[in-house]
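Keeping their order, the protein sequence lines are chains A and B.
Take the first sequence: its position 211, counting from 1, is numbered 211 in our numbering, and each next residue is one higher.
To convert, count from 1 in the second sequence and add 1000; that's our numbering.
The beta-carbon is built from N, C-alpha and C at its ideal position, and this holds for glycine as well.
This report concerns only the one structure given below.
There are 2 protein chains.
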Amino acid sequence: MKQNEKISTAVIRRLPRYLRALEDLENSNTERISSGELSKLIGYTASQIRQDLNHFGGFGQQGYGYNVKDLKAEIEKILGLGTRYRMVIVGSGRLGQAINSFIRSYSDDFCVTSLFDVKEDLIGKEKSGVLIRSVDSLTEYLKDNPTDIGVITVTKENAQSVCDKLVAGGVRGIWNFAPTDLDCRADIPMENVHLSDNLHSLVYYINHPEQI
Amino acid sequence: MKQNEKISTAVIRRLPRYLRALEDLENSNTERISSGELSKLIGYTASQIRQDLNHFGGFGQQGYGYNVKDLKAEIEKILGLGTRYRMVIVGSGRLGQAINSFIRSYSDDFCVTSLFDVKEDLIGKEKSGVLIRSVDSLTEYLKDNPTDIGVITVTKENAQSVCDKLVAGGVRGIWNFAPTDLDCRADIPMENVHLSDNLHSLVYYINHPEQI
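Below, the structure is given as structure tokens:
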């Protein structure tokens, strides 16, 4: 990356898409790919792809294109993969459990070390090998177990206080599934997955197919 | 909406955010709000908010602002809420069940009529009151039960064939949670929730806090 260059959010959000395409290409034993071929695969223009990757140094060669394995490794490096991120999930209802099982099956880069809940009948149980602890012990747990990512799958009403505890406990990022926007220290990144927003956008396009 | 005006995706994606804010305002008995106050609540600029809403006719009054109840009703109308959307969820693992329970608790506008799975031991069971059927019966089910939205929570490998069956069966929109991009008829809207992309973006910002 060029020093001090601010990369737009849109570029950053396209990197994981590149990574998925490169994983598929590697799995199908493709060694190299041009920006034109990559464009056909993922639907961004070739010029967009070249521009995006140029922010980080380019990686392509005129007349050759991109080496799939190398480009994949570079993008993983840019994103910060290849190390292990410890996560806790607060809220161990169906969504919390779904995220827990997604993380387990998804990648060794991520590891859920504990689930938390308020429900007495859940505390002490295990889900996919991960213990559910009382949310009352969250602060102490984070003190003893440095954690990178806090996942919030509690109700809208409880989300802000959980977020505050996670941040005070030193997490480096928040993944929020509660259907509300949370206040958080400006240096702590937060990703929101607002399922209802997603569903509402879908419904809009169902009713306005001419706008697709 | 002005006739034949193409509204940008970015505007459409902000509408659900306005709706959430207006719901909160209505719940706290706020009758009216200025674009400036709304801006403070949701973080878009006041001018952005006015511009966004002007695409659909404005709804605000100089010196008064927006009537919360009316604006909420207008946005619901624009999105197409206030009617019932029938949904099926294909893939009744933890994620499918989480979506099912989210929909049930979320709003009467959406109703999951059936879950589908390939696993023999799940077929015939009920989850939150919804029957799990064999994915082999999906095509016939859709013929007998017109369905608005098909939700895909199966593996990457099975997602495209499920998508094809849903579209052939007449669904009007696809909500895809499988970690892959699907080919679909151009007039069928598709919303993707790619959890891994989301997590990767978060990791990037954890490693580049100066870029937040």
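Own chain, CB closer than 6 angstroms to residue i, minus 5 neighbours either side, in chain order
i: Ile-132 of chain A; result: Ser-92, Leu-115, Asp-117, Leu-122, Ile-123, Lys-125
i: Ala-21 of chain A; result: Leu-41, Ile-42
i: Gly-129 of chain A; result: none
i: Ile-103 of chain A; result: Phe-110, Val-112
i: Asn-192 of chain A; result: Asn-176
i: Ser-101 of chain A; result: Ser-128
i: Ala-46 of chain A; result: Ser-35, Gly-36, Ser-39
i: Gln-1097 of chain B; result: Lys-1127
Rounded C-alpha distance that separates residue i from residue j
i: Val-203 of chain A; j: Leu-1095 of chain B; result: 21 angstroms
i: Leu-1053 of chain B; j: Ile-1007 of chain B; result: 11 angstroms
i: Asp-1214 of chain B; j: Val-171 of chain A; result: Since the first and last residues shown for chain B are 1001 and 1212, residue 1214 of chain B lies out of range.
i: Met-214 of chain A; j: Val-112 of chain A; result: In this structure chain A extends from 1 to 212, so residue 214 of chain A is not present and cannot be described.
i: Glu-26 of chain A; j: Lys-72 of chain A; result: 9 angstroms
i: Lys-1156 of chain B; j: Lys-69 of chain A; result: 21 angstroms
i: Asn-1228 of chain B; j: Pro-16 of chain A; result: As shown, chain B starts at 1001 and ends at 1212. That puts residue 1228 of chain B outside it, with no answer to give.
i: Lys-143 of chain A; j: Gln-51 of chain A; result: 43 angstroms
i: Pro-1146 of chain B; j: Ile-206 of chain A; result: 15 angstroms
i: Glu-1037 of chain B; j: Gln-1048 of chain B; result: 13 angstroms
i: Val-1011 of chain B; j: Tyr-1044 of chain B; result: 11 angstroms
i: Leu-1138 of chain B; j: Gln-1160 of chain B; result: 14 angstroms
i: Ser-1107 of chain B; j: Leu-166 of chain A; result: 29 angstroms
i: Glu-1120 of chain B; j: Ala-168 of chain A; result: 46 angstroms
i: His-1208 of chain B; j: Asn-1029 of chain B; result: 41 angstroms
i: Asp-183 of chain A; j: Leu-1195 of chain B; result: 22 angstroms
i: Ile-1212 of chain B; j: Leu-19 of chain A; result: 21 angstroms
i: Thr-9 of chain A; j: Ala-1186 of chain B; result: 27 angstroms
i: Leu-199 of chain A; j: Gly-1080 of chain B; result: 11 angstroms
i: Asp-1136 of chain B; j: Ile-1099 of chain B; result: 21 angstroms
i: Asp-1197 of chain B; j: Asp-1164 of chain B; result: 24 angstroms
i: Asp-181 of chain A; j: Ile-152 of chain A; result: 12 angstroms
i: Gln-1062 of chain B; j: Gln-62 of chain A; result: 57 angstroms
Close beta carbons around residue i, own chain, < 7 angstroms, minus the five adjacent residues each side
i: Glu-1210 of chain B; result: none
i: Ser-1034 of chain B; result: Gly-1065
i: Pro-189 of chain A; result: Gly-173
i: Ile-1078 of chain B; result: Leu-1015, Phe-1056
i: Val-154 of chain A; result: Val-90, Gly-91, Val-162, Ala-178
i: Glu-1140 of chain B; result: none
Residue-chain proximity (residue i, chain B), Cβ-Cβ < 8 angstroms
i: Ser-137 of chain A; result: no
i: Lys-125 of chain A; result: no
i: Tyr-204 of chain A; result: yes
i: Ser-196 of chain A; result: yes
i: Ile-152 of chain A; result: no
i: Lys-6 of chain A; result: yes
i: Glu-191 of chain A; result: yes
i: Ser-201 of chain A; result: yes
i: Leu-19 of chain A; result: yes
i: Ala-186 of chain A; result: yes
i: Ile-212 of chain A; result: yes
C-beta neighbour in chain A for residue i, strict 8 angstroms
i: Leu-1015 of chain B; result: yes
i: Ser-1035 of chain B; result: no
i: Ile-1012 of chain B; result: yes
Partner residues on chain D for residue i, Cβ-Cβ distance less than 7 angstroms
i: Arg-1172 of chain B; result: The structure shown contains no chain D; its protein chains are A and B.
Other residues of its chain near residue i: CB distance less than 8 angstroms, five sequence neighbours each side excluded
i: Gly-1082 of chain B; result: Glu-1076, Asp-1109
i: Ser-105 of chain A; result: none
i: Tyr-85 of chain A; result: Asp-109, Phe-110, Cys-111, Asp-148, Ile-149
i: Glu-1074 of chain B; result: Phe-1056, Gly-1057, Phe-1059
i: Ser-134 of chain A; result: Phe-116, Asp-117, Val-118, Ile-123
i: Arg-1032 of chain B; result: Tyr-1064, Gly-1065, Tyr-1066, Asn-1067, Val-1068
i: Ser-1201 of chain B; result: none
i: Glu-5 of chain A; result: His-55
Practice task
Just list the beta strand (DSSP E) runs in the region 148-206 of chain A, keeping only unbroken ones of 3 residues or longer that don't cross its boundaries, in chain order.
Solution key: 149-152, 173-176, 190-192
Practice task
Starting from the N-terminal side, write out each stretch of the beta strand (DSSP E) that is 3 residues or longer and does not extend beyond the region 1035-1094 of chain B.
Solution key: 1085-1090
Handout entry: Contact residues within the region 1072-1098 of chain B, judged by C-beta distance below 8 angstroms to chain A
Key = Ile-1078, Leu-1079, Gly-1080, Leu-1081, Tyr-1085, Gly-1093, Arg-1094, Leu-1095, Gln-1097, Ala-1098
Handout entry: Near-chain B residues of the region 37-71 of chain A - C-beta to any C-beta below 8 angstroms
Key = Ile-42, Gly-43
Problem - Where the region 1096-1121 of chain B meets chain A: residues whose CB sits under 9 angstroms from a CB there - result: Gly-1096, Gln-1097, Ala-1098, Ile-1099, Asn-1100, Ser-1101, Phe-1102, Ile-1103, Tyr-1106, Ser-1107, Asp-1109, Phe-1110
Practice task
Please go through the region 94-140 of chain A and give each complete beta strand (DSSP E) segment of 3 or more residues, from N-terminal end onward.
Solution key: 110-117, 130-134
Practice task
Anything in the region 1145-1169 of chain B with a Cβ closer than 8 angstroms to a Cβ of chain A? List those residues in chain order, please.
Solution key: Asp-1148, Ile-1149
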